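Visitor:
Numbering (full-length UniProt numbering), first residue to last: 1 to 1243.
Shown next as structure tokens:
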């Protein structure tokens, strides 16, 4: 039977204590240690790939990536022996290349690793108390050198290579700062620290000779060849005050939704009220170098960036980068106090990643320019906030693809295992021991150290709506139907109803603490196990035990049930898997020297998943085969605490004591995903509070209003831009049209010049061809003559050469004879010398053979080494060439994109520059306005000061007047009597005024009647004038007709008189009379004229009646409007008259009171101080101002009436003109025009 295959999909956790735990594989892929694996995480696309650790590994201790980004070195402890593994991460999947083991070294682990600049060598340092520095040629698995380093205390070390030298190594630690040089198989000390030894926590190479180190006392020191070149002390940093004030004004919630978690969190840390931390020195825990300088972590929660200044070897702090405050924390002020223990820059130095002691990963994008750089900035989470302590609870639900986890870090988190995201996160003040999700996924049960709380999972919150007084609840679980839940209190299980929250049952009987509870599929049974080896099966209807299985030697940790609850699977401290049914153990499966800590069964019942104390996961098929078969996977770096299988059997969820949460995908052996009979459709509904909806609705309304305002502003700006652009286009178009015309003219001129030049060139070519033909003929004739001469010379020379040859042959014969004699003598001499030299040659040949043998051996060694190096270099450069080709292709695409972006940005910059110029002009205008307003403010301040002085004087004067008032009260009685007498005199005058008012009204009525009569008479006059004009026209027409008829009669008489002469000749007379008849009498003409006359008269009568009706309606409208305007005018006149009368009466009373006051002043002797008291004339002017306004309104109403009268007159003139046109047209055309009714209605 084939075992089940599980493949890791995503892990949420980080092991920050791993040395060099952050490495960049390329610009977007980050390598870090999580669980028992090394994770490849894509920063933008958020996918994860895993490099699992070695079998029986106790966890990774250190990581290092080669400078060529091809190899990854991992330090592990396997079977209590240190082991180094080198992976080739450039391959997919990553492949294990070499495993290095140093059994002769007395060490358990390598705590620091580093690659050489050419990636051929690897240096590693073992952990204290005996620190050993080892130097490896890792490809040949050869330990080249090792040296022991004396260290103070038990602090860890850090090692690194010089960036340009394969042989130079630096190591730092507690009381350690040493530079080693590898030569001749040993590591020799080259640079020692001069001065007092310190505890160096970290270091980084700034150049080939400079090293920057950080100490536990907050000092940054730069060494060059062991000598101190630069030193500074980092001060205790406090977060920016401005951001603190911003954060204090807001009400921070304790929960965040992570649907879009990667937004910037503009928050900061708050310093302690007590100054204890200010007194303590900050520790430089991490330092990393980059091209402009270096970055270091000084206090908890901040990274300082130092850049090199223009001065030689001086670095200046340029930026502070803070860890953001976590508002999900119950104590937000303490949330950012995490020690940053690792800093890593991306290859292009655009991104900085840091890890903290709380297993969190943060990211910061480095500013590309100095303009974008801020003095203080903030990190953001790389992916999501992670658990920082042991995970104690884990549970999934049926209706949603979510899983809940709780941890000793006092947080509860809701994850989505389909999208691999964190949906909800909330932190509390108490530790959370257990968690259970309702099957609907809308509710959550969490057991805290003080209470058990039932929460509703809202859209952006976890709302506690019920608390149960169960202290230290370590286990809880909802039933499969969700109507009940079980909660453990020590050794008692409490059963509650989810709807009524009543305690329906209490299950007692366990003697030890209960470790796990499980519900059966039908919720009729409950199974539990405890620490004393008891497994009980409870019937919830009766509340009693149905079966039990007790094994005192085993401390159970977890249980699981088969689908029909017939079989119980239990694991515990006795290293076996037990299959229990009907109170008896059916089968035990050994764990092979590993303790099982957690177990889970699939919903189908055919798969078992078991977690071990080493952090591994084992998968098995059920029923269990006799020879136990299982697949084991490296998962976590600590014991597995909780496991769960999703309802669709597709995902396995595991949690560990190291704080990591892992999602697995389950396959069968062929690698196919397991399928269910029915596909599950997950619910998408969420809960939300009414108050939240109202707040969001109000926020949406505000934003919509703001959007509308912005749209209007943008539309207005776009219109302005369009207008400006259109004007510019017109100008440019005009310029270009002018240029085109100029170019056309130039083109025509050049075309003409070209034609002229072509003619000239053709003429010159013709002449040149003629010259060339002549020259060729001349050369041929001259060359023929020369050839004849040379032929004659050749024949003469041939005869001379024959003679010379005969003479030379005679001389050669003589020389050969003499030469043969000399050769014989020389051969005898040199044969003797050859014999001597042959003896010497034999001796030298023996020596040469020996040297050749030595040379061949050396040559073979050199060739072997050379072939190996050539092969390595060839592979290296072939890969580099392939990478460069790929990078070139990628860069070509990027350059095209960047060109487009550059063009668009150039246009934006030009637009922005124009806008900036406009804004500068507006700024200058506003500055002028501001200066003028400031001057006005100064003047007003002076006036206020003067008025304050006058007010003080007035108060003094008021005090004096109060005294005088007391004296004036004495005269009050006399004045009252005088007032009564004056009132008696006023009453008859008021009666006279009333009579006069009635007379004025009567006169106004008569005036109105006269106006009406005048208007009627004017209308009658206009009507009669129009009739008179029409009759005049008719008379004129009749007179014209009469004259025409007289002319016709006169012509007829003359023609008739001519006919009388033919009385004698009857034929001619007859013909002449017929001509007369045809000339003057036509039957058709008579009929047509009669008909036309009748038609014209009828059309004329009809149009006249229509115009008279229109005229009558218009006259009525005019009369009504005149009446309305006249009534308004009379009303306004009456109001003005009444107001003027009131003003006059008030003026009279004012004069009377003035005279009385003057009399009183004269009686009291106050006339001398009359100049001091202000003249009350302004008050009278103020009183008279409304009357002036009323008079202006009266004038306006008169103007309106005049305008309306002019409009009426204009309409009358138009009517008269229309009547005249209609009267003239019948005579000229014979037909009346068609009436335009719409225009008449408009007029």
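Quick reminder that beta carbons are idealized off the backbone N, C-alpha and C, glycines included. On a predicted model such as this, the values are computed, not experimentally measured, just so you know.
Residues in the same chain with beta-carbon distance under 8 Å from residue 587, minus the five sequence neighbours each way, listed in chain order, please.
Guide: Only 578, 579 and 624 meet the Cβ criterion.
Visitor: Of all the options 301, 26, 157 and 461, which has the alpha carbon lying nearest to the alpha carbon of residue 443?
Guide: Looking at the Cα atoms, 461 is the closest of the given residues.
Visitor: Using only the alpha-carbon positions, how far apart do residue 156 and residue 449 sit?
Guide: The straight-line gap from Cα to Cα measures roughly 36 Å.
Visitor: Write down every uninterrupted run of the beta strand (DSSP E) in the segment 933-1019 whose length is 3 residues or greater and which is fully enclosed by it, in chain order.
Guide: Counting only runs of 3 or more, we get nothing.
Visitor: If contact is defined by three or more beta carbon pairs under 8 Å, each pair taking one atom from either stretch, is the segment 584-603 in contact with the segment 560-572?
Guide: Yes, they touch.
Visitor: Taking only the alpha-carbon atoms, compute the straight-line gap between residue 1143 and residue 1151 and give it to the nearest angstrom.
Guide: Looking at the two C-alpha atoms, the distance is approximately 12 Å.
Visitor: So is residue 996 buried or exposed if we call it buried at 16+ other beta carbons inside 10 Å?
Guide: Label assigned to residue 996: exposed.
Visitor: Does the Cβ of residue 3 have 16 or more other Cβ atoms within 10 Å, making it buried, or fewer, making it exposed?
Guide: So residue 3 ends up on the buried side.
Visitor: Rounded to whole angstroms, what is the Cα-Cα separation between residue 653 and residue 662?
Guide: Rounded to the nearest angstrom, the two C-alpha atoms are 6 Å apart.
Visitor: Assign residue 572 to one of three DSSP states: helix, strand, or coil.
Guide: Note: residue 572 maps to strand in three-state DSSP.
Visitor: Mark residue 519 as exposed unless 16 or more other C-beta atoms lie within 10 angstroms of its C-beta, in which case mark it buried.
Guide: Answer is buried; the Cβ neighbour count reaches 16.
Visitor: Which residue from 922, 593 and 655 puts its Cα closest to that of residue 56?
Guide: Per the Cα distances, 593.
Visitor: For the beta strand (DSSP E) holding residue 392, just list the boundary residues, first then last.
Guide: 391-396 is the span of the beta strand (DSSP E), which, as asked, contains residue 392.
Visitor: Go ahead and pull the three-state DSSP assignment for residue 1085.
Guide: Residue placement at residue 1085 is poorly supported in this model, since its pLDDT is 49, which falls under 50; the coordinates still yield a value, given next. The answer is helix: DSSP assigns residue 1085 an H, G or I state.
Visitor: What's the C-alpha gap between residue 508 and residue 491?
Guide: Whole-angstrom Cα-Cα distance: 7 Å.
Visitor: How do the segment 162-171 and the segment 193-212 stand: do at least 3 beta-carbon pairs fall below 8 Å, yes or no?
Guide: Yes: at least three Cβ pairs fall under 8 Å.
Visitor: Between which two residues does the beta strand (DSSP E) carrying residue 77 extend?
Guide: Start and end: 71-78.
Visitor: Determine the burial state of residue 501: buried for a count of at least 16 other Cβ atoms within 10 Å of its Cβ, exposed for fewer.
Guide: With fewer than 16 Cβ atoms within 10 Å of its Cβ, residue 501 is classed as exposed.
Visitor: Would you call the segment 679-690 in contact with the segment 704-724, where contact means no fewer than 3 C-beta pairs closer than 8 Å?
Guide: The segment 679-690 is not in contact with the segment 704-724.
Visitor: Taking residue 1071 as part of the alpha helix (DSSP H), name the residues at either end of that continuous run.
Guide: Residue 1071 -> alpha helix (DSSP H) spans 1066-1080.
Visitor: CA-CA distance, residue 441 and residue 8?
Guide: Going by the C-alpha atoms only, they are around 24 Å apart.
Visitor: Would you decide whether residue 1247 is buried or exposed? Buried here means 16 or more other CB atoms lie within 10 Å of its CB.
Guide: Past the edges of the chain, shown from 1 to 1243, lies residue 1247, and the structure says nothing about it.
Visitor: Compute the minimum distance between the beta carbon of residue 99 and the heavy atoms of the ligand FAD, and state whether it is under 7 Å.
Guide: What this structure holds is no ligand at all, so the ligand FAD is not there to describe.
Visitor: Which of the three DSSP states is assigned to residue 1094 in this structure?
Guide: In this structure, residue 1094 counts as helix in the three-state DSSP scheme.
Visitor: If we count the other Cβ atoms within 10 Å of its Cβ and call it buried at 16 or more, is residue 18 buried or exposed?
Guide: That one is buried.
Visitor: For the beta strand (DSSP E) that contains residue 9, what are its first and last residues?
Guide: 5-12 is the span of the beta strand (DSSP E), which, as asked, contains residue 9.
Visitor: Measuring only the C-alpha atoms, how far is residue 310 from residue 66?
Guide: Computed Cα separation, rounded: 32 Å.
Visitor: I'd like to know whether the C-beta atoms of residue 228 and residue 304 end up nearer to each other than 8 Å.
Guide: Against a cut-off of 8 Å, the Cβ pair of residue 304 and residue 228 comes out as no contact.
Visitor: Using only CA atoms, which one of 523, 188 and 357 lies nearest to residue 483?
Guide: That would be 523, whose Cα lies nearest to the Cα of residue 483.
Visitor: Put residue 15 into one of helix, strand or coil per three-state DSSP.
Guide: Correct three-state label for residue 15: coil.
Visitor: Going by alpha carbons, who is nearest to residue 419 out of 376, 400 and 849?
Guide: With distances taken between Cα atoms, residue 419 lies closest to 400.
Visitor: Mapping DSSP to helix, strand and coil, what is residue 470?
Guide: In this structure, residue 470 counts as coil in the three-state DSSP scheme.
Visitor: Under 8 Å, with one C-beta from each stretch per pair, do the segment 716-729 and the segment 459-479 reach the 3-pair mark?
Guide: Verdict: no, contact absent.
Visitor: Under the three-state reduction of DSSP, which class applies to residue 58: helix, strand or coil?
Guide: If DSSP states are grouped into helix, strand and coil, residue 58 belongs with the strands.
Visitor: Let's test the definition: count the other Cβ atoms within 10 Å of the Cβ of residue 697 and tell me whether it reaches 16, buried, or not, exposed.
Guide: Under this definition residue 697 is an exposed residue.
Visitor: On the premise that residue 618 lies in contact with residue 610, defined as a C-beta separation below 8 Å, what is that separation, rounded to the nearest angstrom?
Guide: So it is a contact: roughly 5 Å between Cβ atoms.
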